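Colleague:
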Amino acid sequence: MIRHIEISLESQHGALLRVLGTIERRGWVVRAMDMDSQGNDAQTLRLKIERSRHHSGSFDTLTRHVTKLFCVRQIGVSTTQTDECAIVETSASPHAHMAAVATGAPA
Amino acid sequence: MTKTSPATIAKAPLSNRFTGAHMLISALEAQGVEVVFGYPGGAIMPVYDALPGSKLTHILTRHEQGASFAADAYARVSGRPGVCLATSGPGGTNLVTGLANAFMDSVPVVAITGQVARPLIGTDAFQEVDIFGITLPIVKHSFIIDDPDKIGEIVAEAFAIAQSGRPGPVLIDLPKDVAAAIMTPTPTPVAQKEALPILIRDDYEHAEHLIREARRPLLYVGGGVGISGAVPALRNFIARTGIPVVATLKGLGAVPTDAPEFLGMLGMHGSRAANLAVQNCDLLITCGARFDDRATGRLTGFAPNARVLHLDGDPAEIGKLRAADHALPGNLTYALNALHPGILSIDTWQGECSHDRVTHAARYDAPGDKVFAPALLKTLSERAGDDLIVTCDVGQHQMWAAQHCRFVRPEAHLTSGGLGAMGYGIPAGIGALYAEPDATVITVTGDGSIMMNIQELATLKRYGLPLKIVLLDNQALGMVRQWQELFFAGNYSEIDLSDNPDFAALARVFGLEAMTITTRAEVPGAIDWLLSCKGPALMHVHIDPAANVWPLVPPGADNHDMMEER
Ligand SMILES: Cc1ncc(C[n+]2csc(CCOP(=O)(O)OP(=O)(O)O)c2C)c(N)n1
Ligand SMILES: [Mg+2]
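Quick note, the sequences are listed as chains A and B, same order. Residue -1 is where the first sequence starts when you use my numbering, and the numbers rise one by one after that. Residue 679 is where the second sequence starts when you use my numbering, and the numbers rise one by one after that.
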């Protein structure tokens, strides 16, 4: 079953590899992807992913792992399992404010 | 050709000018770093040039793996990030096992690697390795510093990330030209830990309801309790409720070994009382634990009749391997302090648990006159007192230490839990001694493991570190031998170490005091000797090569299907 996921990424060195690596290591296969940029400091990554044959981990667990990455600002997921990409739930990364906190800038 | 004397080639030391490397050092000082463990080389030379005269104490290990393990142990004991330093290429790759160890055991480590200069990156330059790429799956986050002006900010962010939420290692890759760049100092922000979420009252009320309804509740405690500083909250919760407790390998010490509610370690080499309690409980209060396969055995047969109440600082652990009936993700201390379930009717269950604890207690009266490792470790840990820290290697000796030593705090037991990396013990002992110089630090190692970082004996000697090493020598890779005996029809393949060096002589060559014992009668005197040594010392103990670790839950079995000594 194909799931859709839309990730808003910081434009940081390695961000794309980190996200794709996490998805694959946690037992999912990327079937399609596209990416565009939102100005200089962020990108939107849209993926169609599918659970790999030998894996039983839930989609929820996967999205929590992706949300934990420090290059991820926000993640949207479709709750339908069709080919249509209808992002209905989005959640901000708990770390979205970290860089600001660390540099003393307003969060 | 004219001869050039070294004096004429040497340029003015970089130290006369403020460079990126000085900025790095001052950023580390601003984070409160006192000790760094490292090893120099080409690409990190500007940093080593800036080190003398700084407030940092640099400990030169004899291998970068030693530096990474020492930083890990320093962090586990001090609660502050451990820092290690290495050059590019082989320096970085030698750190990899240590980073993986810190990642799997959630330890805040900041690793700084030199990198070739920016214009050389991507050209297969000398000692160029993509350490950023190699370590992506085993770090919490990583940075390549491409601009000297970002050094302070990135160091602060690295420290914030390493310590926040579920801690973990962060790598900073520093190109040589960035480190050597002349720059104006900038103030470094100080890392702020990210606070964990605190839940609403309703969440706690539902949890209290589950606890009140349970007749056979059990606390399953993991490393998360110690990591998050929730030990006092956990102990208060136990005092309020009287709920029995089992711990994972990394949860040991969160509840003192001799507390009446403590049933022992669960899982593959867990105690019978702990594993029976898990299998018979009706509510498993999972506290900073993650249903690791070494703890659960066959997952579907684990705590088969229990509801699960899961408390964890990392929301990604909730429901990862076992669905939770109710979860309290977030700050563990807050959650444990908030839970007041009232009077519980669990007397029968408490009685059953303490009965099992007494009936199935480990026995120390093994026949024969060979040294019985469990008894030695038990006595040694009791004699060492409350400031004991045991650091372990990996194998049978590690499991005996976990099963039989007395631990009164989580920092008392440093073990490579998730990664199971042989070679951790001695460097971890070094890190622990820098974090707590007055502690009695004992490394329990095996004849296989000690050789993985034997070079660190030289570090002990150089810095006069009073590490007490107990080497349990069974002339074999004992844990592998045990599995070959039990599960591979006794087909012993490549486990023989009967040509070991004379370890006591080897230790003396490195400058340690050493003694060897072979019989049980020598144990009390050897313990007296070890505890009285003022400097680094090694006690080489010959044990029965056929000794096994019991009980054992065979792979794929349920936790109550324990094999016992035949
Ligand atoms: C770096 C590393 N390599 C291999 C292993 C696999 N392994 C686990 S225990 C063990 C044997 C350890 O032998 P020793 O240190 O003598 O301990 P013993 O089991 O004999 O007490 C081995 C090879 C490991 N855990 N770590
Ligand atoms: Mg051995």
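Glycine included, each C-beta is placed from N, C-alpha and C at the ideal position. Keep in mind it's a predicted model, so treat the numbers as computed, not measured.
1) With a cut-off of 9 Å, does the C-beta of S704 of chain B fall near any C-beta of chain A?
2) For K998 of chain B, return the contacting residues in chain A, with the cut-off set at a CB-CB distance below 9 Å.
3) Within this structure, are the beta carbons of D1236 of chain B and G979 of chain B separated by less than 9 Å?
4) Assess contact between the stretch 1099 to 1106 of chain B and the stretch 1055 to 1073 of chain B, defined as three or more Cβ pairs (one per stretch) separated by less than 8 Å. Is contact present?
5) By Cβ distance below 8 Å, which residues in the same chain neighbour H741 of chain B in space, the five residues on each side in sequence not counted?
6) Secondary structure at Y898 of chain B, three-state DSSP: helix, strand or coil?
7) If you compare alpha carbons, which of B:L927, B:G720 and B:P1179 is closest to A795 of chain B?
8) Tell me whether V1219 of chain B counts as near ligand 1, meaning its Cβ is closer than 8 Å to at least one heavy atom of that ligand.
9) Against chain A, which members of the stretch 791 to 815 of chain B pass a CB distance test of less than 8 Å?
10) Taking C-beta to C-beta, are G1029 of chain B and T1118 of chain B nearer than 9 Å?
11) Which residues bound the alpha helix (DSSP H) around G1027 of chain B?
12) Is any heavy atom in ligand 2 found nearer than 8 Å to the beta carbon of Q1074 of chain B?
13) Out of B:G776, B:Q841, B:I737 and B:A858, point me to the one whose CA is closest to G792 of chain B's CA.
14) My understanding is that C965 of chain B touches L912 of chain B, with C-beta atoms under 8 Å, so please give their C-beta distance in whole angstroms.
15) Using only the alpha-carbon positions, how far apart do A30 of chain A and A780 of chain B sit?
16) Return the residue from the list B:L977, B:Y726, B:L1184 and B:H1238 that minimises the CA-CA distance to G698 of chain B.
17) Check whether the Cβ of P104 of chain A lies closer than 9 Å to any Cβ atom in chain B.
18) May I ask you to list the residues that DSSP assigns as paired with K172 of chain A?
19) Roughly how many whole angstroms lie between the Cα atoms of S6 of chain A and K46 of chain A?
20) Note down, in chain order, every chain B residue with its Cβ under 8 Å from the Cβ of L15 of chain A.
21) Taking CB distances under 9 Å as the criterion, tell me whether H11 of chain A reaches chain B.
22) Shorter than 8 Å, the distance from the beta carbon of D32 of chain A to the closest heavy atom of ligand 1, or not?
23) Using a Cβ cut-off of 9 Å, pull out every chain B residue sitting near G19 of chain A, in sequence order please.
24) Here's the rule: buried if 16 or more other CB atoms are within 10 angstroms of the residue's CB, otherwise exposed. What is M1233 of chain B?
25) When you compare only the Cα positions, how much space is there between Q1076 of chain B and T801 of chain B?
26) Who are P847 of chain B's beta bridge partners in DSSP?
27) Between B:I809, B:P867 and B:F804, which has its C-alpha nearest E831 of chain B's C-alpha?
28) For ligand 2, is there any heavy atom lying closer than 8 Å to the beta carbon of D1116 of chain B?
29) Are any of the Cβ atoms in chain A nearer than 9 Å to that of F821 of chain B?
30) Provide the residue(s) that pair with R1041 of chain B in DSSP beta bridges, ordered along the chain.
31) Can you check the stretch 1108 to 1156 of chain B for any beta strand (DSSP E) of at least 3 residues that lies completely inside it and give the ranges in chain order?
32) Can you check which of these residues, B:F1188, B:D936, B:L941 and B:A917, is closest to T926 of chain B by C-alpha distance?
33) Hey, out of B:H1004, B:L999, B:I996 and B:L961, whose CA is closest to N983 of chain B's CA?
34) Can you tell me the Cβ-Cβ gap for A1080 of chain B and M943 of chain B, rounded? I've got them flagged as a contact below 8 Å.
35) What residue range does the beta strand (DSSP E) around G720 of chain B cover?
36) Do you know how far the Cα of A840 of chain B is from the Cα of E1242 of chain B?
Modeller: In brief:
1) Translated into the one-based positions of the second sequence, residue 704 of chain B becomes position 26. With its beta carbon at least 9 Å from every one in chain A, S704 of chain B lies outside the interface.
2) Here the question's residue 998 of chain B lines up with position 320 in the second sequence. Ordered by position in chain A, the residues that pass the 9 Å Cβ test against K998 of chain B are G55, S56, T59, R62 and H63.
3) The count along the second sequence starts at 1 and reaches residue 1236 of chain B at position 558. The count along the second sequence starts at 1 and reaches residue 979 of chain B at position 301. D1236 of chain B places its beta carbon less than 9 Å from that of G979 of chain B.
4) With a cut-off of 8 Å, the stretch 1055 to 1073 of chain B and the stretch 1099 to 1106 of chain B count as touching, because enough Cβ pairs lie within range.
5) Your numbering for residue 741 of chain B matches position 63 in the second sequence. Within its own chain, the residues whose Cβ lies closer than 8 Å to the Cβ of H741 of chain B, once the five positions on either side in sequence are excluded, are Y717, N772, N1131, Q1133 and E1134, listed in chain order.
6) As a first step, residue 898 of chain B is located in the second sequence; it is residue number 220 there, counting from the start. Y898 of chain B: strand per DSSP, three-state reduction.
7) As a first step, residue 795 of chain B must be located in the second sequence, where it is residue number 117. Comparing C-alpha distances from A795 of chain B to each of B:L927, B:G720 and B:P1179 shows the shortest one belongs to B:G720.
8) Looking up residue 1219 of chain B in the second sequence gives position 541. No, the Cβ of V1219 of chain B stays beyond 8 Å of every heavy atom of ligand 1.
9) For the stretch 791 to 815 of chain B, the set of positions with a beta-carbon nearer than 8 Å to some beta-carbon of chain A reads F810, G811, L814 and P815 in chain order.
10) Taking the second sequence and counting its residues from 1, one reaches residue 1029 of chain B at position 351. Taking the second sequence and counting its residues from 1, one reaches residue 1118 of chain B at position 440. Result no, Cβ atoms of G1029 of chain B and T1118 of chain B do not sit closer than 9 Å.
11) To locate residue 1027 of chain B, count along the second sequence from 1; it is residue 349. Per the sequence shown, the amino acid found at residue 1027 of chain B is Trp instead of Gly. Counting along the chain, the alpha helix (DSSP H) containing W1027 of chain B begins and ends at D1025 to T1037.
12) Start at 1 with the first residue of the second sequence, and residue 1074 of chain B comes out as number 396. Annotation for Q1074 of chain B indicates a beta carbon within 8 Å of some heavy atom of ligand 2.
13) For the purposes of this step, residue 792 of chain B is identified with residue 114 of the second sequence, where counting begins at 1. Cα-wise, what sits closest to G792 of chain B is B:A858.
14) By one-based count along the second sequence, residue 965 of chain B stands at place 287. By one-based count along the second sequence, residue 912 of chain B stands at place 234. Rounded, the Cβ-Cβ distance is 7 Å, consistent with contact.
15) Taking the first residue of the first sequence as 1, we reach residue 30 of chain A at position 32. Taking the first residue of the second sequence as 1, we reach residue 780 of chain B at position 102. In this structure, the CA atom of A30 of chain A is about 34 Å from the CA atom of A780 of chain B.
16) Position 20 of the second sequence, counted from the start, is the residue given in the question as residue 698 of chain B. Proximity to G698 of chain B across B:L977, B:Y726, B:L1184 and B:H1238 peaks at B:Y726, based on C-alpha coordinates.
17) Counted from its first residue, the first sequence places residue 104 of chain A at position 106. Low confidence applies to P104 of chain A: its pLDDT is 28, below 50, so where it sits in the model is not reliable, and the reading given next is rough at best. The Cβ of P104 of chain A sits no closer than 9 Å to any Cβ of chain B.
18) As shown, chain A starts at -1 and ends at 105. That puts residue 172 of chain A outside it, with no answer to give.
19) Position 8 of the first sequence, counted from the start, is the residue given in the question as residue 6 of chain A. Position 48 of the first sequence, counted from the start, is the residue given in the question as residue 46 of chain A. In this structure, the straight-line span from the alpha carbon of S6 of chain A to that of K46 of chain A is close to 15 Å.
20) Here residue 15 of chain A refers to the residue found at position 17 when the first sequence is read from its first residue. Residues of chain B whose Cβ lies closer than 8 Å to the Cβ of L15 of chain A are, in chain order, G811 and L814.
21) The residue labelled residue 11 of chain A in the question sits at position 13 within the first sequence. Taking Cβ atoms only, chain B reaches closer than 9 Å to H11 of chain A, which makes this a yes.
22) Residue numbering aside, residue 32 of chain A sits at position 34 when the first sequence is read from its first letter. Closer than 8 Å to some heavy atom of ligand 1: that does not describe the Cβ of D32 of chain A.
23) Against the first sequence, residue 19 of chain A aligns to sequence position 21. Chain B residues near G19 of chain A: L814 and P815.
24) One-based indexing of the second sequence puts residue 1233 of chain B at position 555. The sequence given here has Pro at residue 1233 of chain B, not Met. Of the residues assessed, P1233 of chain B falls on the exposed side of the cut-off, its CB having fewer than 16 other CB atoms within 10 angstroms.
25) Working through the second sequence from its first residue, we reach residue 1076 of chain B at position 398. Working through the second sequence from its first residue, we reach residue 801 of chain B at position 123. Across the structure, Q1076 of chain B and T801 of chain B are spaced so that their CA atoms are roughly 44 Å apart.
26) By one-based count along the second sequence, residue 847 of chain B stands at place 169. Answer by DSSP bridge pairing, in chain order: B:V787.
27) Here residue 831 of chain B refers to the residue found at position 153 of the second sequence. Just measuring C-alpha positions, the residue of B:I809, B:P867 and B:F804 sitting nearest E831 of chain B is B:P867.
28) By one-based count along the second sequence, residue 1116 of chain B stands at place 438. Checking every heavy atom of ligand 2 against the Cβ of D1116 of chain B, none is found closer than 8 Å.
29) Against the second sequence, residue 821 of chain B aligns to sequence position 143. Yes, because at least one Cβ of chain A sits closer than 9 Å to the Cβ of F821 of chain B.
30) Residue numbering aside, residue 1041 of chain B sits at position 363 when the second sequence is read from its first letter. DSSP, once it has assigned bridges, lists no residue as partnering R1041 of chain B.
31) Within the stretch 1108 to 1156 of chain B, the complete beta strand (DSSP E) segments at least 3 residues long are 1118 to 1124 and 1146 to 1151, listed from N- to C-terminus.
32) Counting from 1 along the second sequence, the entry for residue 926 of chain B is found at position 248. Answer by Cα proximity: B:L941.
33) For the purposes of this step, residue 983 of chain B is taken as the residue at position 305 of the second sequence. It is B:L961.
34) Position 402 of the second sequence, counting from 1, holds the residue named residue 1080 of chain B. Position 265 of the second sequence, counting from 1, holds the residue named residue 943 of chain B. Between A1080 of chain B and M943 of chain B a beta carbon distance of about 6 Å is seen, short of the 8 Å cut, so the two are scored as contacting.
35) Taking the first residue of the second sequence as 1, we reach residue 720 of chain B at position 42. Taken as a continuous stretch (DSSP letters only), G720 of chain B belongs to no beta strand (DSSP E), as it is neither H nor E.
36) Position 564 of the second sequence, counting from 1, holds the residue named residue 1242 of chain B. Position 162 of the second sequence, counting from 1, holds the residue named residue 840 of chain B. Straight-line Cα distance between these residues: approximately 41 Å.
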